[in-house]
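**Student:** Take a look at this one; I'll ask things after.
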Amino acid sequence: MDSLDLADVGGSLRGDGQAFARIVGRHQPQITARMWRFTHDRNRLEELVQEVFVECYVNLRSFKATGPFSHWLNAIATRVGYRYWKRQKQRASRTINLQDWDLPVLARQEQPDPQRVGEALHALLARLPARDRLVLTLMYLEELSVAKVAEQTGWSLTMVKVQAHRARKKLRALLEKSGLADLLKDMEQSS
Amino acid sequence: MNEHELLAKLAGAARRDLPPDIDVCQRVLQDIAFLRPRRAFDPVLGYFALAACLAAAVTVALAVGSWLRMQDPLLVLANSVTTVI
Numbered sequence: 001m002d003s004l005d006l007a008d009v010g011g012s013l014r015g016d017g018q019a020f021a022r023i024v025g026r027h028q029p030q031i032t033a034r035m036w037r038f039t040h041d042r043n044r045l046e047e048l049v050q051e052v053f054v055e056c057y058v059n060l061r062s063f064k065a066t067g068p069f070s071h072w073l074n075a076i077a078t079r080v081g082y083r084y085w086k087r088q089k090q091r092a093s094r095t096i097n098l099q100d101w102d103l104p105v106l107a108r109q110e111q112p113d114p115q116r117v118g119e120a121l122h123a124l125l126a127r128l129p130a131r132d133r134l135v136l137t138l139m140y141l142e143e144l145s146v147a148k149v150a151e152q153t154g155w156s157l158t159m160v161k162v163q164a165h166r167a168r169k170k171l172r173a174l175l176e177k178s179g180l181a182d183l184l185k186d187m188e189q190s191s
Numbered sequence: 192m193n194e195h196e197l198l199a200k201l202a203g204a205a206r207r208d209l210p211p212d213i214d215v216c217q218r219v220l221q222d223i224a225f226l227r228p229r230r231a232f233d234p235v236l237g238y239f240a241l242a243a244c245l246a247a248a249v250t251v252a253l254a255v256g257s258w259l260r261m262q263d264p265l266l267v268l269a270n271s272v273t274t275v276i
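Going down the list, the protein sequences come from chains Z and D. Using this note's numbering, read the first sequence as starting at 1 and increasing by one per residue. Using this note's numbering, read the second sequence as starting at 192 and increasing by one per residue.
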């Protein structure tokens with residue numbers, strides 16, 4: 001795939017629109033999956049995926065081919081998603097409405113419905129500031145290592161570790177504030 | 192279970208939550224039709240620009256220093272005395 005990407009990057013820089021169309025076609029599923037972590041709204045999802053590829057095209061000359069093209073593209077996607085979160089006004093309420101998505105029920109189920117859990121987790125993380133949300137999303141949902149998160153965000157390794165620690169603390173405070181501390185205790189006892 | 196384990200458990204299930212099938216290819220091609228890739232930042236050009244800025248700053252500092260020396264009241268008095276003499 002790397003050689004195909006390299007050939008199509010060269011073609012795109014020479015003005016071949018079809019070469020860039022092939023890049024979009026090849027990487028669209030992966031970028032769509034990444035942007036799904038940033039929004040669960042279909043229209044916004046399309047806009048964000050589109051924004052990622054336009055930004056990729058505009059910055060194509062800065063791709064140095066020192067690593068895989070997909071890593072470079074994912075870093076752009078992360079940047080676009082983070083910008084989107086920062087643009088959004090943080091919800092006034094920092095508490096979780098349990099009745100909306102039954103977090104305790106989902107957390108106790110052996111095999112919960114992925115879509116419902118996805119929405120619940122999205123809503124839960126949306127209560128955190130953008131930086132905390134980003135680091136937890138990349139580490140838990142995308143399963144990236146600290147080094148990979150640092151590469152994608154442009155932060156240092158120490159910064160990523162500190163940010164993740166702070167984000168988890170804020171999440172615990174949020175769960176406690178929302179009356180979900182009992183959930184953690186119950187699960188601790190049952191495990 | 193702490194918040195790390197809760198997150199890990201929920202995230203494990205949420206990873207199977209797949210996005211809708213979308214295709215933005217045509218829209219992207221329309222967007223980039225009138226765009227051109229930006230020139231990449233050239234570090235050599237950057238070093239030259241930095242050196243030029245530093246040289247300009249030194250020149251301005253020297254010029255201001257000379258001008259201030261010329262405005263020195265003692266120097267002006269000495270010049271006047273020399274002229275009278």
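For every residue, glycine included, the Cβ atom is placed at its ideal position computed from N, Cα and C.
Verify whether the separation of the beta carbon atoms of A208(Z) and C216(D) is less than 8 Å.
**Tutor:** Within the shown structure, residues of chain Z are numbered from 1 to 191, placing residue 208(Z) beyond reach of any answer.
**Student:** Provide the residue span of the alpha helix (DSSP H) that contains A164(Z), from first to last.
**Tutor:** The residue labelled residue 164(Z) in the question sits at position 164 within the first sequence. Counting along the chain, the alpha helix (DSSP H) containing A164(Z) begins and ends at L157 to K177.
**Student:** Tell me whether the beta-carbon of V146(Z) lies closer than 8 Å to the beta-carbon of F63(Z).
**Tutor:** As a position in the first sequence, residue 146(Z) is number 146, starting the count at 1. As a position in the first sequence, residue 63(Z) is number 63, starting the count at 1. The answer is no: Cβ separation not under 8 Å.
**Student:** Figure out for me which residue from F225(D), L209(D), Q221(D) and A224(D) has the closest Cα to the Cα of I31(Z).
**Tutor:** Taking the first residue of the first sequence as 1, we reach residue 31(Z) at position 31. Checking every option, the nearest Cα to that of I31(Z) belongs to L209(D).
**Student:** From what residue to what residue does the alpha helix (DSSP H) around Y140(Z) run?
**Tutor:** For this step, residue 140(Z) is matched to residue 140 along the first sequence. From DSSP, Y140(Z) is part of no alpha helix (DSSP H); its letter is neither H nor E.
**Student:** Using the Cβ count rule (16 or more neighbours within 10 Å means buried), how would you classify I276(D)?
**Tutor:** For the purposes of this step, residue 276(D) is identified with residue 85 of the second sequence, where counting begins at 1. Its Cβ having fewer than 16 others within 10 Å, I276(D) is exposed.
**Student:** Skipping 5 residues on each side, what residues in its chain have a beta carbon closer than 8 Å to that of D206(Z)?
**Tutor:** Nothing can be reported for residue 206(Z): it is not among the residues displayed for chain Z, which extend from 1 to 191.
**Student:** Looking at L134(Z) and Y84(Z), is the spacing between their C-beta atoms short of 8 Å?
**Tutor:** Translated into positions along the first sequence, residue 84(Z) becomes position 84. Translated into positions along the first sequence, residue 134(Z) becomes position 134. Contact flag unset, no.
**Student:** Within a Cβ cutoff of 6 Å, which residues of the same chain sit near G11(Z), ignoring the five residues on either side of it in sequence?
**Tutor:** Here residue 11(Z) refers to the residue found at position 11 of the first sequence. Excluding positions up to five away in sequence, the list reads A19.
**Student:** Can the beta-carbon of A130(Z) be found closer than 8 Å to that of K169(Z)?
**Tutor:** Residue mapping note: residue 130(Z) aligns to position 130 of the first sequence, counting from 1. Residue mapping note: residue 169(Z) aligns to position 169 of the first sequence, counting from 1. No.
**Student:** Quick one: which residues of the region 39 to 66 of chain Z get their C-beta closer than 7 Å to a C-beta of chain D? List them in chain order.
**Tutor:** Against chain D - using a Cβ distance shorter than 7 Å - the residues of the region 39 to 66 of chain Z are R42, L45, E46, V49, Q50, F53, V54, Y57, V58, N59, L60, R61 and S62.
**Student:** Who are the neighbours of A202(D) on chain Z, taking C-beta pairs under 7 Å?
**Tutor:** As a working mapping, residue 202(D) is identified with position 11 in the second sequence. The answer, in chain order, is L121, Y140 and L141.
**Student:** I need the DSSP call for F20(Z), collapsed to helix, strand or coil.
**Tutor:** Position 20 of the first sequence, counting from 1, holds the residue named residue 20(Z). In the structure shown, F20(Z) sits in a helix (DSSP, three-state: H, G or I).
**Student:** Verify whether the separation of the beta carbon atoms of V54(Z) and I223(D) is less than 8 Å.
**Tutor:** By one-based count along the first sequence, residue 54(Z) stands at place 54. By one-based count along the second sequence, residue 223(D) stands at place 32. It is a contact, given that the beta carbons lie within the stated cut-off.
**Student:** For N59(Z), name the three-state secondary structure that DSSP assigns.
**Tutor:** Position 59 of the first sequence, counting from 1, holds the residue named residue 59(Z). Three-state DSSP puts N59(Z) in coil, outside helix and strand.
**Student:** In whole angstroms, what is the alpha-carbon distance linking A164(Z) and L241(D)?
**Tutor:** Looking up residue 164(Z) in the first sequence gives position 164. Looking up residue 241(D) in the second sequence gives position 50. Their Cα atoms are separated by approximately 37 Å.
**Student:** Taking 8 Å as the limit between beta carbons, can you name the residues of its chain near L136(Z), skipping five residues before and five after?
**Tutor:** Along the first sequence, one-based indexing puts residue 136(Z) at 136. Around L136(Z): L125, L128, A164, A167, R168 and L171.
**Student:** Quick one: residues in its chain with C-beta nearer than 7 Å to the C-beta of L48(Z), no 5 flanking neighbours on either side, listed in chain order?
**Tutor:** The sequence position of residue 48(Z) within the first sequence is 48, counting from 1. So the qualifying residues of the chain are M35, F38, T39, V80, G81 and Y84.
**Student:** Grab me the residues of E176(Z)'s own chain with a C-beta within less than 7 Å of its C-beta, minus the 5 sequence neighbours each way, in chain order.
**Tutor:** As a position in the first sequence, residue 176(Z) is number 176, starting the count at 1. Cβ within range, chain order: n/a, list empty.
**Student:** Using 8 Å as the threshold, is the C-beta distance between L13(Z) and R44(Z) below it?
**Tutor:** Position 13 of the first sequence, counting from 1, holds the residue named residue 13(Z). Position 44 of the first sequence, counting from 1, holds the residue named residue 44(Z). Cβ atoms of L13(Z) and R44(Z): not closer than 8 Å.
**Student:** Assuming T274(D) is part of the alpha helix (DSSP H), what are its boundary residues?
**Tutor:** Taking the second sequence and counting its residues from 1, the one referred to as residue 274(D) is at position 83. Residues P264 to V275.
**Student:** If we cut at 8 Å on Cβ distances, does L197(D) have a partner in chain Z?
**Tutor:** Taking the first residue of the second sequence as position 1, residue 197(D) is located at position 6. Yes, L197(D) lies at the interface with chain Z (some Cβ there is under 8 Å from its Cβ).
**Student:** So what does DSSP say about I213(D), is it helix, strand or coil?
**Tutor:** The count along the second sequence starts at 1 and reaches residue 213(D) at position 22. In this structure, I213(D) counts as coil in the three-state DSSP scheme.
**Student:** Give me, in chain order, the residues of the same chain whose beta-carbon lies closer than 6 Å to that of D5(Z); leave out the 5 immediate sequence neighbours on both sides.
**Tutor:** Looking up residue 5(Z) in the first sequence gives position 5. F69.
**Student:** Once you ignore the five residues that flank H195(D) on each side, which residues in its own chain have a CB closer than 6 Å to its CB?
**Tutor:** Numbered from its first residue, the second sequence carries residue 195(D) at position 4. The answer is none, since no qualifying residue turns up.
**Student:** What residues in the region 204 to 220 of chain D bring their beta carbon closer than 9 Å to a beta carbon of chain Z?
**Tutor:** The region 204 to 220 of chain D vs chain Z, Cβ under 9 Å: A204, A205, R206, R207, D208, L209, P210, P211, D212, I213, D214, V215, C216, Q217, R218, V219 and L220.
**Student:** With 8 Å as the threshold, decide whether the Cβ of D222(D) is near any Cβ in chain Z.
**Tutor:** Translated into the one-based positions of the second sequence, residue 222(D) becomes position 31. Chain Z contact via Cβ: present.
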